[in-house]
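In the working numbering, the protein residues as written are 8 to 324. For glycine and all other residues, C-beta sits at the position ideal for the given N, C-alpha and C. Report on the following structure.
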């Protein structure tokens, strides 16, 4: 019961007392007039005082009983509130304890993952070195096997790098900042010196973070891997209402219409168009992190065999 309810209950009790007192006094005066018409002034005064005293005592008792009921209700409310506060305190302490345990477990798991990733990366680098030596020294069918081994090691290194990038995404703060889009694109193009990439410099500035380079690196790398020898890549940037539209187009084999929705699904290692492992999944979660959208279309509308066009939006600064 809150303060307003208690005040209303007290006013109601006092109103009842006043109404009953008025009714009884009126009845007393009427009875005195009807049954005792010759009563003296002294007798009238004495009986009036006695009756008034009786009414006052009765009213005080009634109010006291009402106050007792209110006091019991308030006491029960205080007990319940204290019980709820104690339960909340215990729950808060338990949540704090669980949070500390979770943080400790997370730090320990992160340490193990860092050690594991470091050791795997070192092992893969050594394996890649020996694979290159085998490719250079062997001939014929054994050389083909060595080349396949080298490609497999490169794929393993790429997967490990993508997993590390995803960990960085989830560990980093969500604070975005102003980025020079042209600087990011130019830096990633330099990582593919043997690929023909057309790009017209743009002075656009977008809202992103330091992981924006991973978007372009994965999309360009995806086009290089699946485009085959002589693939050409075009990067286009254009402004729209409040956002920037970026297109990464290639002249590779393209993506069938039935697979365009599934292309960003992670962990599916099938033909191009049904998933590209972690790379395109990483691109998708980064673009969504920047409050943008990403999709894939035909480079030439209606002719998927003539290449794919990955398009995504970024928030304009």
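- For the segment 234-245 and the segment 290-298, state whether three or more C-beta atom pairs, one from each stretch, are separated by less than 8 Å. The segment 234-245 makes no contact with the segment 290-298, as fewer than three CB pairs between them are under 8 Å.
- Is the beta carbon of residue 173 less than 8 Å from the beta carbon of residue 285? Closer than 8 Å, so yes.
- Mind the definition here: the segment 227-238 touches the segment 254-261 only if three or more C-beta pairs lie below 8 Å; say whether that holds. As far as the Cβ criterion goes, the segment 227-238 touches the segment 254-261, which means the pair count is three or higher.
- In the structure shown, what three-state DSSP assignment does residue 297 receive? Coil at residue 297, not helix or strand.
- Among 143, 137, 146 and 185, which residue has its Cα nearest to the Cα of residue 213? Its Cα nearest to that of residue 213, the residue 185 stands out among 143, 137, 146 and 185.
- Same chain, Cβ closer than 6 Å to residue 135, neighbours up to 5 away in sequence not counted: For residue 135, where only same-chain residues beyond five positions count, the Cβ hits under 6 Å are 160.
- Query: For residue 188, does the count of other Cβ atoms within 10 angstroms reach 16, so buried, or fall short, so exposed?
  - Reply: Buried, by the Cβ-count rule.
- Spatial neighbours of residue 222 in its chain, beta-carbon cut-off 6 Å, leaving aside the 5 residues before and after: Hits under 6 Å: 290 and 293.
- Please report how far the alpha carbon of residue 252 lies from the alpha carbon of residue 192, in whole angstroms. Spanning the two alpha carbons is a distance of roughly 14 Å.
- Query: Buried or exposed: where does residue 288 fall if 16 or more other Cβ atoms within 10 Å of its Cβ makes it buried?
  - Reply: Under this definition residue 288 is a buried residue.
- Residues that residue 171 bridges to, as DSSP identifies them: The partner list for residue 171 (beta bridge, DSSP) is empty, contrary to what the question assumes.
- Quick one: using the 10 Å Cβ neighbour count with 16 as the cut-off for buried, is residue 85 buried or exposed? Within 10 angstroms of the beta-carbon of residue 85 lie fewer than 16 other beta-carbons, which makes it exposed.
- Item | Cβ-based burial, residue 129 [other Cβ within 10 Å; buried from 16] | Of the other Cβ atoms in all chains shown, fewer than 16 fall within 10 Å of the Cβ of residue 129; this residue is therefore exposed.
- Query: residue 167 to residue 108, Cα distance in whole Å?
  - Reply: Within the model, the alpha-carbon separation for residue 167 versus residue 108 is close to 28 Å.
- Message: Mapping the DSSP letters down to three states, classify residue 201 as helix, strand or coil.
- Response: Reduced to three states, the DSSP call for residue 201 is coil.
- What is the residue span of the beta strand (DSSP E) that residue 317 lies within? Element bounds for residue 317: 310-322.
- Helix or strand or just coil, what does DSSP make of residue 209? Residue state, collapsed to three classes: coil.
- Specify the secondary structure class of residue 184 as computed by DSSP and reduced to three states. Correct three-state label for residue 184: strand.
- Assign residue 241 to one of three DSSP states: helix, strand, or coil. Here residue 241 carries a strand assignment [DSSP, helix/strand/coil].
- Query: Where does residue 305 fall in DSSP's three states?
  - Reply: Here residue 305 sits in strand by DSSP.
- Let me know if residue 305 comes out buried or exposed under the rule of 16 or more other beta-carbons within 10 Å of its beta-carbon. Residue 305 is buried by the Cβ-count criterion.
- Message: In the DSSP output, what is residue 257 paired with across the bridge?
- Response: Answer by DSSP bridge pairing, in chain order: 240.
- In chain order, what residues of the same chain have a beta carbon less than 6 Å from the beta carbon of residue 316, not counting five sequence neighbours either side? Here the set comprises 254, 256, 304 and 306.
- What is the C-beta distance between residue 224 and residue 195, in whole angstroms, given that I count them as a contact (C-beta under 8 Å)? Going by Cβ atoms, the distance from residue 224 to residue 195 rounds to 5 Å, so yes, they are a contact pair.
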